[in-house]
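Everything on this sheet refers to the single structure shown next.
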Amino acid sequence: MNIKMTPLLPESDAREAALFFVVAALCFLAVLATLVARGTYTAAEAWTAQVEGEMTVLVSDTDRRGAESAATLIEALPGVERAHVLTDEELDELLSPSFGPGGIPDGIPLPLLIAVDAEGDTTALAAEIDTTLAEAGINGRADTHSAYAAEVRKALGTLRIAAIGTVLLLTMTAISVIAFATHAALLARKDIVDVLHLAGAEDRFIARLFERRFWLLGLKAGAAGSVAALAVTAIIVFSAQSSNAPSELLPKLSLDQWDLMILAVSPIAGALAARIAARVTVGRSLRSSL
Amino acid sequence: MTQAGAPLASEPAVELNGVSLRYDTADDILTDIDIRLKPGTFTFLTGPSGAGKSSLLKLLYLAHAPTSGEVRLFGQRTADMSRNQLSALRRRIGVVFQDFRLLDHLTAFENVALPLRVSGEKPEDYRDEVVDLVRWVGLGERMHAFPPALSGGEQQRLAIARALINKPDILIADEPTGNVDPDMARRIFRLFIELNRRLNTTVIIATHDMHIIREFKAPVLKLQDGLLFADSSYEQA
Ligand SMILES: Nc1ncnc2c1ncn2[C@@H]1O[C@H](COP(=O)(O)OP(=O)(O)OP(=O)(O)O)[C@@H](O)[C@H]1O
Ligand SMILES: [Mg+2]
Chain A
729 MNIKMTPLLP ESDAREAALF FVVAALCFLA VLATLVARGT YTAAEAWTAQ
779 VEGEMTVLVS DTDRRGAESA ATLIEALPGV ERAHVLTDEE LDELLSPSFG
829 PGGIPDGIPL PLLIAVDAEG DTTALAAEID TTLAEAGING RADTHSAYAA
879 EVRKALGTLR IAAIGTVLLL TMTAISVIAF ATHAALLARK DIVDVLHLAG
929 AEDRFIARLF ERRFWLLGLK AGAAGSVAAL AVTAIIVFSA QSSNAPSELL
979 PKLSLDQWDL MILAVSPIAG ALAARIAARV TVGRSLRSSL
Chain B
20 MTQAGAPLAS EPAVELNGVS LRYDTADDIL TDIDIRLKPG TFTFLTGPSG
70 AGKSSLLKLL YLAHAPTSGE VRLFGQRTAD MSRNQLSALR RRIGVVFQDF
120 RLLDHLTAFE NVALPLRVSG EKPEDYRDEV VDLVRWVGLG ERMHAFPPAL
170 SGGEQQRLAI ARALINKPDI LIADEPTGNV DPDMARRIFR LFIELNRRLN
220 TTVIIATHDM HIIREFKAPV LKLQDGLLFA DSSYEQA
């Protein structure tokens, strides 16, 4: 026979509704911060990798034909995927930020630039290109964009720290709020705690009642926050896909399996934090009595 | 009731040595109290209102630590015990609180079952026992009522049933018959006596009720101005 017993802690009250909202909101913010940080990071990472695989070779004291043959020489080198002399239009586009949409004024000598797409270590390749061109009697110098990429990498590192810091801060806030709420619940239910204590309940037994309560609350609130974050992310992904704005530098919110895992794990992490906060708070409060 | 680690018969079940108690106030509520109660004794505690009866009982059921002096239960110094050992000790003590301390959100049945539930026992195993005891205190019809819906006397009987359900080694009752009629009071005391004789339970009862004290002849301890006296005046009466 299974006899149903009323829970020893009475069902939730208004205070817990407020707590639910706070935990849900914190979880929402933490998930969103994680997803955006991760998306930004992924986008920037891909972009840096691309920049790092690019090189420009500036050739001088020669005409277009000389540049073409230099490009052919470069393309023959191992590790080079493609090398081509930039056309006047490509140059125009490249330099338009400096000269405006009117194009380059006539009479200004245009440099001859070879764009090189490479794979692997571009620094070694740059030296190799320089030697090859020198041996062929062509005056040229390769530029690896590495200094530029290093700047971007440094910015990415800062972004990562900021993202981790934000998530940590939100987690700590959630833990503090729950500890605070446990304390309030403990005071509000002191009558019950006292009776259980005097009836011989061990601290662990009493703590478990509160742990369970806040674990469930954390799970539910965390799930609500996570679902809200999912909805917002989905809207961002959808509107980014349906607009044709250049999206390379926008956060890459892909909702891939990693993102989905973050969404699934966050409520559990939140609930676990709630549970630990409850355990510590109850333990501490009980130990202050005999 | 014999248990593993039960004391030697000669060892007092309850022992206070030089115990004083002071709350946040400046004055001692209890001063230098010595008590030795052998297992299976039945003792009344009396004294004027505010004398410190409830405070003394709180020391015995381990709700409070004394300000100075030592409390020993079954020969063990409570100050040396771990928190879990103290909990285990509390499970051997049944308490009827002066203010009942029933849990309003639990039914009469569940209130009585509380000490068993706290010990991790299964409802299937204690159901019949609890039902019998609730019936015995005359609340068979109110088995699933909540305490706020019970009269003062009914609440008191419920509190008594909760204190007895564990068949405790020590029973501590603080004014257990303050809210019941003389007939019920007599029935309750007979139960206490029966528990005392049959299970060798050490019983300590704080009461103002002179009739009861005279009827159930037992040693009387009297508290007055924080001091404890053995009072033999009732025995001649
Ligand atoms: N928690 C507390 N904090 C401060 N003072 C207390 C506390 N509990 C009791 N007192 C004081 O200690 C004294 C003794 O109280 P106690 O309740 O032990 O008396 P009592 O003998 O049980 O009285 P009654 O017969 O009215 O129940 C009283 O003066 C009371 O005001
Ligand atoms: Mg009292």
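For the record, the sequence lines run as chains A and B.
Everything in the first sequence is counted per the working numbering, starting at 729 for the first residue and increasing by one.
Everything in the second sequence is counted per the working numbering, starting at 20 for the first residue and increasing by one.
Beta carbons are placed, not taken as given, at the ideal position from N, Cα and C, and that holds for glycine.
- Relative to ligand 2, the nearest heavy atom lies less than 7 angstroms away from the CB of Gln-117(B).
- Checking the DSSP bridge columns, you'll see Glu-782(A) partnered with Asp-845(A).
- Given a length threshold of 4 residues, each whole run of the alpha helix (DSSP H) inside the segment 111–164 of chain B is given here in chain order: 127–137 and 142–155.
- Within the DSSP bridge table, the entry for Gly-868(A) names Val-787(A) as partners.
- Segment contact: the segment 152–170 of chain B against the segment 126–133 of chain B, three or more CB-CB distances shorter than 8 angstroms; contact assigned.
- Chain B has a Cβ within less than 8 angstroms of the Cβ of Glu-930(A).
- A contact is defined here as three or more CB-CB pairs under 8 angstroms, and the segment 849–859 of chain A fails this definition with respect to the segment 734–754 of chain A.
- Segment contact: the segment 899–906 of chain A against the segment 78–88 of chain B, fewer than three CB-CB distances shorter than 8 angstroms; contact not assigned.
- Annotation: the continuous beta strand (DSSP E) that includes Ile-54(B) extends over 49–56.
- The beta-carbon of Tyr-80(B) is placed less than 8 angstroms from the nearest beta-carbon of chain A.
- By the Cβ rule, the segment 984–992 of chain A does not count as touching the segment 882–894 of chain A, because fewer than three pairs are nearer than 8 angstroms.
- In the structure shown, Glu-213(B) adopts helical secondary structure according to DSSP, grouped into three states.
- Look at Phe-748(A) here: in three-state DSSP terms it is helix.
- Within 8 angstroms of the CB of Thr-734(A), the CB atoms of chain B belong to His-124, Leu-125, Thr-126 and Glu-129, in sequence order along the chain.
- Under the three-pair Cβ rule at 8 angstroms, the segment 214–227 of chain B counts as touching the segment 190–204 of chain B.
- Under a criterion of Cβ atoms nearer than 7 angstroms, the residues of chain B adjacent to Phe-933(A) are, in order, Val-137.
- Those residues that bring their Cβ nearer than 5 angstroms to a heavy atom of ligand 1 are Tyr-42(B), Ile-48(B), Ser-68(B), Gly-69(B), Ala-70(B), Gly-71(B), Lys-72(B), Ser-73(B) and Ser-74(B).
- For Val-921(A), not one C-beta of chain B is nearer than 8 angstroms to its own C-beta.
- Spatial neighbours of Asp-51(B) in its own chain (CB-CB distance under 8 angstroms, excluding positions within 5 residues in sequence) are listed in chain order as Gly-37, Val-38, Ser-39, Gly-88 and Leu-246.
- Contact annotation: the segment 905–924 of chain A touches the segment 936–954 of chain A, with at least three C-beta pairs closer than 8 angstroms.
- Rounded to whole angstroms, Val-1010(A) and His-911(A) show a C-alpha spacing of 7 angstroms.
- Taking Ala-249(B) as the centre and dropping the five residues before and after it, the same chain places the C-beta of Pro-238, Val-239, Leu-240 and Lys-241 closer than 8 angstroms to its C-beta, in chain order.
- The residues Gly-171, Gly-172 and Gln-175, in chain order, have a CB closer than 6 angstroms to that of Asn-198(B) in the same chain once the five nearest residues on each side in sequence are set aside.
- Taking a 10 Å sphere around the C-beta of Met-229(B), we find fewer than 16 other C-beta atoms and assign the residue as exposed.
- Thr-776(A) sits close to Ala-877(A), with the two beta carbons spaced by under 8 angstroms.
- Any Cβ of chain B closer than 8 angstroms to the Cβ of Ala-927(A) would place that residue at the interface, and such an atom is present.
- Under DSSP, the beta-bridge partners assigned to Thr-65(B) are Lys-241(B).
- Taking a Cβ-Cβ cut-off of 9 angstroms, Ile-1004(A) has no neighbours in chain B, whose nearest Cβ is about 20 angstroms from it.
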